[in-house]
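Residue numbers (the working numbering): 893 to 1035.
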């Protein structure tokens, strides 16, 4: 009986240590994308933050503190969209390269500027062009 109990404890210890190791490695398999949104004059407190994968929304958040954050899984490609009332939308294509060794859960921080529809009414004529991504970012630690 004592021998059987020792085996159970040994197996339980191995399983738990394996789970801890997997949890530790999970942070190295993601890229955190975060930052804040401003217009040309001030920080925007309220905006919508949407993440698309293959044309479908996989994450949506109404930000009320002017900040956004999303954790992108390793070897993923998404389109991030920022929308605020009275401003033109902005999209950014973001990818974590499959060849990248992301390391210790890297963080990509940025400030996104949205242009006011009142201040820049001339951009309304090219609204269709503004639907294209403003940036294409591929994170690859290998360079």
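For every residue, glycine included, the Cβ atom is placed at its ideal position computed from N, Cα and C.
Look up residue 985 in the DSSP assignment and give the residues it is bridged to.
The residue you call residue 985 lines up with position 93 of the chain shown. According to DSSP, which records beta bridges pairwise, residue 985 is partnered with 971 and 1028.
Which two residues bound the contiguous beta strand (DSSP E) that contains residue 964?
What you label residue 964 is simply residue 72 of the chain shown in a count that begins at 1. Run containing residue 964: 959 to 965, per the beta strand (DSSP E) assignment.
To the nearest angstrom, how far is it from the Cα of residue 933 to the Cα of residue 1017?
Here the question's residue 933 lines up with position 41 in the chain shown. Here the question's residue 1017 lines up with position 125 in the chain shown. C-alpha separation (whole angstroms): 23 Å.
Assigned exposure category for residue 1021 - 16 Cβ within 10 Å defines buried:
Here residue 1021 is taken as the residue at index 129 of the chain shown, counted from 1. Exposed, because fewer than 16 other Cβ atoms sit within 10 Å of the Cβ of residue 1021.
What separation, rounded to the nearest whole angstrom, lies between the Cα atoms of residue 963 and residue 955?
To locate residue 963, count along the chain shown from 1; it is residue 71. To locate residue 955, count along the chain shown from 1; it is residue 63. Straight-line Cα distance between these residues: approximately 16 Å.
Go through its chain and collect everything with a Cβ distance to residue 1001's Cβ below 8 Å, but skip five positions before and after it.
Locating residue 1001 in the chain shown gives position 109, where the first residue counts as 1. So the list reads 926 and 927, once near-sequence residues are dropped.
Beta-carbon proximity list for residue 1027, same chain, < 6 Å, skipping 5 on both sides
Residue 1027 sits at position 135 when you count from the first residue of the chain shown. Result list for residue 1027: 984, in chain order.
Quick one: Cα of residue 1006 to Cα of residue 921, how far?
Taking the first residue of the chain shown as position 1, residue 1006 is located at position 114. Taking the first residue of the chain shown as position 1, residue 921 is located at position 29. Cα-Cα distance, rounded: 30 Å.
Option nearest residue 976 by Cα separation, candidates 1024, 1031, 1032 and 935
The residue labelled residue 976 in the question sits at position 84 within the chain shown. Comparing Cα positions, the closest option is 935.
For residue 1025 versus residue 923, is the C-beta distance shorter than 7 Å?
As a first step, residue 1025 must be located in the chain shown, where it is residue number 133. As a first step, residue 923 must be located in the chain shown, where it is residue number 31. Using a Cβ distance threshold of 7 Å, residue 1025 and residue 923 do not count as a contacting pair.
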